[in-house]
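Just so you know, we're using the UniProt record's numbering here: the sequence shown kicks off at 1 and counts up by one. Note that the Cβ used here is the ideal one computed from N, Cα and C, for glycine as well.
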Amino acid sequence: MLQLFQIYRENPEKAITLFKEGASMDWTLPIAEIYRNTGVNFDFSEQTIKNISEFIINIIEDLN
């Protein structure tokens with residue numbers, strides 16, 4: 001869900017809307033579909049992890 005946080009940092013209203021859409025989905029659906037409707041990818045590829053790691057590092061650096 002860090003991807004959703006990334007969306008929130010760029011556009012809070014969009015992230016809240018996406019969260020509500022995902023939260024209102026039928027929980028019997030595949031998790032990848034629920035994530036997709038929440039605006040994020042159920043993806044643990046090296047590139048995805050790298051992108052989100054860089055995002056978190058930037059946030060930490062901004063706090064310092």
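Rounded separation between residue i and residue j - CA only
{"i": "residue 49", "j": "residue 30", "result": "21 Å"}
{"i": "residue 42", "j": "residue 19", "result": "14 Å"}
{"i": "residue 62", "j": "residue 32", "result": "32 Å"}
{"i": "residue 64", "j": "residue 28", "result": "42 Å"}
{"i": "residue 54", "j": "residue 13", "result": "23 Å"}
{"i": "residue 46", "j": "residue 35", "result": "18 Å"}
Residue i and residue j closer than 8 Å at C-beta
{"i": "residue 11", "j": "residue 22", "result": "no"}
{"i": "residue 59", "j": "residue 3", "result": "no"}
{"i": "residue 16", "j": "residue 39", "result": "no"}
Endpoints, alpha helix (DSSP H) assigned at residue i
{"i": "residue 2", "result": "2-10"}
{"i": "residue 26", "result": "It is not in any alpha helix (DSSP H) - residue 26 carries neither H nor E in the DSSP assignment."}
{"i": "residue 43", "result": "Element bounds for residue 43: n/a, residue is neither H nor E."}
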